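One structure is given below, encoded as structure tokens.
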Amino acid sequence: MIVLDASAALEMVQRTEAGSTLEGLVYNGETIISLDLLYGEVLSAFTKYARAGLMSDKEVKEKVEAAISMVDSFVPMKDLYVEALSESLRLGHSPYDIFYFVLARRNAATLFTMDRRLIDLAMRNGLNCVFEAEVTPGENWTIRAEIEDAAKL
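Under our numbering, the sequence shown has 87 at position 87, and the numbering climbs by one with no breaks.
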């Protein structure tokens, strides 16, 4: 199972190199979940492209629809806010990011994000996530790091 945050969804929908790599790391038939927050984050990002003249209104609507349609199931933030508040205070991290962190942890899922701070937090706390590592100078690999017994967390 994958928890998809907005940064990863944007990369995947725009077919960037990073986005294509993420798509390649989705197992066949794997369930993708996200927060209902994703709607607002994706709309906000793509409408900025339209206002800047980088995308037409039609392109924005297509990209938003593509991002939303990647998700099999949306989880309401209200179902996670108590735990997200506690973890945000404990870990000293943005509540927005912590919602995705908590969702991934609760579901023993792999977090797909491009947010370096969130990746670092996930790695420090034993959460399954995707990250980029420089293997040799100039050669980066994107790695899907998973804990064998993630379901026991």
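Glycine included, C-beta positions come from ideal geometry on N, C-alpha and C. This structure is a prediction, so every number in the text was calculated from the model and none was measured.
Residue state for V102 is assigned as helix, using DSSP reduced to three classes. The stretch 100 to 108 makes no contact with the stretch 40 to 59: fewer than 3 CB pairs, one atom from each, lie closer than 8 Å.
Around the CB of A52, fewer than 16 other CB atoms lie within 10 Å, so the residue is classed as exposed. In the same chain as P76, and ignoring 5 residues on each side of it, the C-beta atoms closer than 7 Å to its own belong to D36, in chain order. Assigned with DSSP and collapsed to three states, E41 falls in helix. Per DSSP, V3 is one residue of the beta strand (DSSP E) stretching across I2 to L4.
Just so you know, the alpha carbons of S73 and G138 end up roughly 37 Å apart. Between the stretch 9 to 28 and the stretch 89 to 100, the count of Cβ pairs shorter than 8 Å is below three; the stretches do not touch.
A distance below 8 Å separates the beta carbons of I68 and Y39.
L111 and L127 do touch by the CB rule: their CB atoms are close to 6 Å apart, below 8 Å. In terms of Cβ geometry, V13 and K63 form a close pair [threshold 8 Å]. Closest in C-alpha terms to I33, from the list T113, I119, S56 and E83, comes T113. Counting every other CB atom within 10 Å of its CB across the protein chains shown gives V102 a total of 16 or more, marking it as buried. Contact between A9 and V42 holds: CB atoms are separated by about 6 Å, below the 8 Å threshold.
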